[in-house]
Amino acid sequence: MDLLVIEDEAVLGKALQRGLSDSHHECTWVRNGKKGLDLGLSQRFDAIILDLLLPDMEGLQVLDSLRTRGVQTPVLVLTALGSVENRVRGLKSGADDYLVKPFAFPELTARLEALSRRSSFRPSMTHTVGPLTLDMTTRRASRGDREIELSPTEFTVLEYLMRFAGQVVTRKMLSQHVWDDDWDGTTNVIDVHINRLRNKIDRGFDVPLIQTVRGHGYVLRAAEPSAL
Amino acid sequence: MIPMASPSFAQLLKLAHMVRTGSKSLRARLMIWNACLVMVTAFACFLGVREGLRQALVGGMDNVLTADIREIGLDVAELHATAADVRSAANGKGKATQLLDTLNRKESVHEHNGWFVELLDADENRLWKSDLTPELPISEKTSRDMVPMSIKGYRVLESRQPTTQSRPLRIRVGAPTDFIERDVGSIDRIAIRGVVFLLIAAPLLGYWLARRAIRPLSDIIETTARLRPNRMEERLAIRQTDDELDRLSATVNQFLDRIAVYLSQSNNLLANSAHELRTPLAAIRSSIEVAIGGKRTPQEYQELLSEVIGECASLERLVNQLLLLAETDSELIRAHSEQVDLSSLVSRCAEMFSAVAEASQIELVNAVDPNLAVMGFGNHLRQVINNLLDNAIKFTPPGGTVRVSLFREGGSTILRVADTGGGIPAADLPHIFERFFRGDRSRQRIEQTTGTGLGLSICQAIVAAHRGRIFVDTREGSGTIMTVQLPGALDARAPRALREGGELADHNPTLATARSES
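Protein sequence lines, in the order shown, are assigned to chains A and B. Following the working numbering, the numbering of the first sequence begins with -7 at its first residue and continues without gaps. Following the working numbering, the numbering of the second sequence begins with 877 at its first residue and continues without gaps.
As structure tokens, this is what we get:
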């Protein structure tokens, strides 16, 4: 993906550029709104990551100018504001998605992929990851030749993990997707639900499909981890 | 003269301008009003006294004249004197000469105050007059029988005396009124001195009175001007008069008390927050210093950095909760308030925690009445539900029950979370809503729990911002019941302008597929 990052904070900007390049994205990083707007208007990007608090102009102004000049590139807004302001300002202003600082890096990449897929996304009838198949119509899973019954919640969790197969999915992403909730209390509600799911799809098999990534979340993958 | 006069004229202009425009200073206005009122009252009093005196003097004179004319009338009647008798008596003949002598004597007694008497016939022809009688323009038309008149500085009384002839004899008695004018004039002179005195005294008195009345206000202004956020101990003096100014002072004092409490709470929160932030920061710093301090295997690097992410998560949690506390400004919530389907919200939260309850062998009973909604901010209300459920499950031993219920009671919606845990110790009970309060760790079933200690205070702040109340009913050893009472009880099926989370779904495909099971 060809990405434009408009972020004035040096450490975060550098980390974003490095991290996104590692995930095989082309990344252009600018540190103020004016340069960002010029680039956004003159070049084609697959998505723009836009910080709301910029030194020279408001992030929302950049977004406004882009939209009024007909640039329809998906924009993901980064914000450090409180949740009420986020809802009121961020989403009503024409941003396609927003992330509250601080955020987990896997969440950023997942959101970006969701944004770029938006136009071409065609829901398929089945998801398949290695030996695991999920039937979207019957809402049943099978691993190898074993049929697996799923509760509605387990189905939603598994569908989400399979959608991002091979990528880290954080607890926060799961809680937002499954319950529309950003509970970050001390009780690891998500872990318990994942354990339930593990009991169904990994118990009795040598190779676990759902793996815990320490400090991050979970990843569902078919082969042995090679890089991580 | 002009240089002398001009400053006072300028002062007068200034005063007039002050009165006309209504001076800004309350003291000046009070002073002017007071002075005007005193002058007007004094002037009215003076006029009243002056007129009263005149009336009294004239009345006394009338009485004297009436008595005189009756006496003369009796003498005339006794003689049966006619006009002709009087005319001849004036020439020293006839029976009426004695009467005229009496009248002359009478006049000489009253000479010093100008008393006079005259006798006339029915046609206004003078028959006889005493020496001091003035020429007065009195005619048949202007005079009345026994009615005193004031003419050209004289008071005159006329009596029509019946005679043996058909035509009456007229007796006219009078005296000058100049002494009355003299007396009234002396009152006037006294009054002018009084006016001059008042012109000076009234504004001074007004100024003094105004200053006396304003002094408590000036005190209030001075004291409040001295107040600073870091020096809030000073209070306004209460003078124990129980008047409006005392009530104002008392109200301001109460307001200051509330601000002082609020400020100290804010300061405590700030200090406590800084302390709480130090712990994860210290861990992060140590882990990173260890990581870059020597040669490590990739495995070790990964472990250390994972720990850093874990600590970042607890930093993030603390910051989020502090932000949430700051956001529970009721104005903010009221401004963005929308209808929240509380029934499905509570059910979703209960579903989310059901797995945790099951893993801890706790029965989570869902007794949520359907279709209950309130006005509020869904994200924040969810924090309340999650916090209460989390606490209940955390403090309930295996085999216990957590029951979450939602129902309508009067005009309110009640959320209740009851557990069969150990209850809250009496010593902790007064503090559970305090920020950063953590109960005795040994009671907690989950040993590794690292709560921020903000959960319940956030719940309370959110509920208060929704104009609701939160109650705790606990019995040591048998369990705790947390009750949240929210005002209003709406029907979630009623049409609403803005679906809760509706705009999220519009913009965000990753969230749009959520809640497929609900």
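We put the beta carbon where it would ideally sit given N, CA and C, even for glycine.
Straight through space, the alpha carbons of R213 of chain A and L201 of chain A are spaced by roughly 5 angstroms. M1228 of chain B reaches chain A at W171, D173 and V181, counting residues in chain order whose Cβ is nearer than 7 angstroms.
Sequence-distant Cβ neighbours of R1134 of chain B in its own chain, meaning closer than 6 angstroms and more than five residues away, do not exist here.
Any Cβ of chain A closer than 7 angstroms to the Cβ of S1182 of chain B would place that residue at the interface, and such an atom is present.
Ranked by Cα distance from R195 of chain A, the first of A:E139, A:H208 and A:R163 is A:E139. Between E1034 of chain B and R1048 of chain B, the CB-CB gap stays under 7 angstroms.
In this structure, L153 of chain A lies away from V160 of chain A, with their beta-carbon atoms at least 7 angstroms apart.
Counting of Cβ neighbours within 10 angstroms places H1307 of chain B among the exposed residues, the total staying below 16.
Listed along the chain, the chain A residues whose CB falls inside 7 angstroms of the CB of K1270 of chain B are T179. Counting the other CB atoms within 10 Å of its CB gives K6 of chain A a total below 16, which places it among the exposed residues. At a cut-off of 7 angstroms between beta carbons, R132 of chain A makes no contact with chain B. One Cα belongs to V1280 of chain B, the other to L1201 of chain B, and the distance between them is close to 24 angstroms. If you draw a 10 Å sphere on the C-beta of E1152 of chain B, you find 16 or more other C-beta atoms in it, and that means buried.
Here the stretch 61 to 76 of chain A lies against the stretch 90 to 98 of chain A, with 3 or more beta-carbon pairs under 8 angstroms apart.
Considering only beta carbons, the part of the stretch 1266 to 1300 of chain B lying closer than 9 angstroms to chain A consists of D1266, I1269 and K1270, in chain order. Secondary structure note for L1093 of chain B: it is in no beta strand (DSSP E), and the uninterrupted alpha helix (DSSP H) holding it is D1054 to R1102.
Beta-bridge partners assigned by DSSP to T1277 of chain B: B:E1239. For A1235 of chain B, at least one C-beta of chain A is nearer than 7 angstroms to its own C-beta. Non-local C-beta neighbours of Q64 of chain A in its own chain, meaning closer than 8 angstroms and more than five positions away in sequence, are absent.
In the three-state reduction of the DSSP assignment, L995 of chain B falls in the strand class. Distance from the CA of A2 of chain A to the CA of D43 of chain A, rounded to the nearest whole angstrom, comes to 12 angstroms.
A distance below 6 angstroms between beta-carbons, with the five flanking residues on each side excluded, links E1239 of chain B to the following residues of its chain, in chain order: T1277. Under the three-state reduction of DSSP, K1005 of chain B is assigned to strand.
Note that the stretch 1286 to 1294 of chain B touches the stretch 1362 to 1370 of chain B; at least 3 beta-carbon pairs, one per stretch, sit closer than 8 angstroms. For F1347 of chain B, the enclosing beta strand (DSSP E) has its first and last residue at R1345 to R1351. The Cβ atoms of L(-4) of chain A and L31 of chain A lie closer than 7 angstroms to each other. If the five residues before and after L976 of chain B are omitted, its C-beta is found closer than 8 angstroms to the C-beta atoms of V962, A965, A966 and W1004, all from its own chain and listed in chain order.
Excluding residues up to 5 positions away in sequence, A96, E99, D174 and D176 lie with their Cβ nearer than 7 angstroms to the Cβ of K164 of chain A in the same chain. For the pair G990 of chain B and L913 of chain B, the Cα-to-Cα distance works out to about 44 angstroms. R926 of chain B is not bridged by DSSP to any residue. In this structure, D0 of chain A lies near L46 of chain A, with their beta-carbon atoms less than 7 angstroms apart.
Of the residues assessed, A1268 of chain B falls on the buried side of the cut-off, its CB having 16 or more other CB atoms within 10 angstroms. Chain A has no Cβ within less than 7 angstroms of the Cβ of I1308 of chain B. Among the CB atoms of chain A, none fall inside 7 angstroms of the CB of E1187 of chain B.
The C-beta separation of R1224 of chain B from W21 of chain A comes to about 39 angstroms, leaving the pair out of contact by the 8 angstroms criterion.
A check of alpha carbon separations from R1311 of chain B across B:A1337, B:N1129, B:A1126 and B:M915 identifies B:A1337 as the nearest.
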